[in-house]
Amino acid sequence: MTKLPVGATMINTRNIFVLFFLTVFFPVVSSAQITDFRARAGVKVQKDLSKELTASIEYEHRFDNLLTTFDKALIEPALSFDVTKRIRVGAEWRFMIDQNLVREIEYKQRASAYFRYNYPLGDFDLKAKIALQYGFDELTFSSGKSSKLINRNTFELEYDWFGSKFTPFVVYEFFYHVNNKNGGIINQWKAKAGTSYRIDKRSELSVFYLFEKEINIAHPVDAHVFGIGYTYKL
165 MTKLPVGATM
175 INTRNIFVLF
185 FLTVFFPVVS
195 SAQITDFRAR
205 AGVKVQKDLS
215 KELTASIEYE
225 HRFDNLLTTF
235 DKALIEPALS
245 FDVTKRIRVG
255 AEWRFMIDQN
265 LVREIEYKQR
275 ASAYFRYNYP
285 LGDFDLKAKI
295 ALQYGFDELT
305 FSSGKSSKLI
315 NRNTFELEYD
325 WFGSKFTPFV
335 VYEFFYHVNN
345 KNGGIINQWK
355 AKAGTSYRID
365 KRSELSVFYL
375 FEKEINIAHP
385 VDAHVFGIGY
395 TYKL
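Heads up: the sequence shown runs through residues 165 to 398, numbered per our numbering.
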């Protein structure tokens with residue numbers, strides 16, 4: 165039986181990450197429309213209540229209109245439960261302060277529940293998450309007059325960089341508006357790439373680039389988003 169050299173194995177794992185990255189971001193490169201540049205900054209605190217149960221609360225601040233205007237502020241408490249080493253279920257509630265394009269403030273709420281499956285793949289972790297959200301959506305020109313039921317599907321690939329405090333990742337999401345009055349439609353997708361950096365056993369810093377594309381709606385918007393987040397474990 166022929167054994168592959170160690171270097172060949174490393175090349176293969178890197179090729180998997182590069183291929184996933186290109187698959188996720190190729191539509192971004194091929195799109196000629198650039199509508200807005202935005203920014204996000206967030207802080208998250210989490211606590212293990214037991215071996216399987218985790219509670220967290222997160223605050224995020226968002227800017228749009230070429231990074232110059234306050235857009236949204238979000239507060240999100242959450243609970244998650246590890247059913248097995250690979251399966252996690254959870255629930256989240258999001259409160260949002262939303263400023264529209266004419267600088268009017270609205271207060272909105274959204275509840276969600278999710279199922280996530282984690283599959284180790286060599287030096288990678290492949291995660292698939294299915295969530296149901298009820299309440300507001302985050303489309304740029306959303307009226308907010310009626311609550312929407314959204315099926316949010318997320319696929320994430322993390323690279324376990326051996327001996328490093330960095331963990332690169334790429335993410336793809338699409339949003340299916342279930343209770344649309346004209347029938348269910350996919351109205352948005354997102355692609356994200358970034359890395360987290362482990363500061364110590366309790367804290368972590370992450371930076372990312374996110375592309376958001378709205379589709380199958382009136383006045384769709386493309387957005388390029390740059391973000392930073394900090395997580396602390398109690």
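The C-beta atom is built at its ideal place from N, Cα and C for all residues, glycine as well.
Residue burial classification, residue i (beta-carbon count within 10 angstroms, cutoff 16)
i, result
"N380", "exposed"
"K354", "buried"
"S214", "exposed"
"D212", "exposed"
"D301", "buried"
"Q352", "buried"
"T173", "Residue confidence for T173 is low, a pLDDT of 48 falling below 50, so the modelled location carries little weight and cannot support an answer."
"S310", "exposed"
"E216", "exposed"
"D235", "buried"
"L265", "exposed"
Backbone secondary structure at residue i - three-state DSSP
i, result
"T232", "coil"
"N252", "Residue 252 is actually Arg in this sequence, not Asn. Here R252 sits in strand by DSSP."
"S310", "coil"
"G393", "strand"
"W353", "strand"
"T304", "coil"
"E216", "coil"
"G206", "strand"
"S328", "coil"
"D386", "strand"
"T334", "Checking the displayed sequence, the identity of residue 334 turns out to be Val instead of Thr. V334 falls in the strand class under three-state DSSP."
"G347", "coil"
"T199", "coil"
"I381", "coil"
"R226", "strand"
"L398", "coil"
"Y361", "strand"
"V371", "strand"
"D287", "coil"
"L296", "strand"
"E268", "coil"
"R366", "coil"
Straight-line Cα distance separating residue j from residue i
i, j, result
"A205", "V247", "31 Å"
"K397", "Q263", "31 Å"
"Q297", "L238", "15 Å"
"G347", "L230", "34 Å"
"N315", "H341", "6 Å"
"A357", "K208", "19 Å"
"V335", "F372", "10 Å"
"Q210", "T395", "8 Å"
For residue j and residue i, believed in contact at Cβ under 8 Å, the rounded distance
i, j, result
"A295", "A277", "7 Å"
"V385", "T199", "5 Å"
"L313", "N343", "4 Å"
"F227", "R267", "Between R267 and F227 the Cβ distance is about 13 Å, and since that is not below 8 Å, they are no contact."
"V389", "E376", "6 Å"
"A242", "E224", "Contact flag wrong, Cβ pair sits at about 13 Å."
"F279", "D324", "F279 to D324, Cβ: 23 Å. No contact."
"L374", "G391", "6 Å"
Contact under 9 Å by Cβ, residue i with residue j
i, j, result
"R250", "Y271", "no"
"R258", "G299", "yes"
"E320", "L290", "yes"
"K329", "R362", "yes"
"I221", "E240", "yes"
"T359", "F326", "no"
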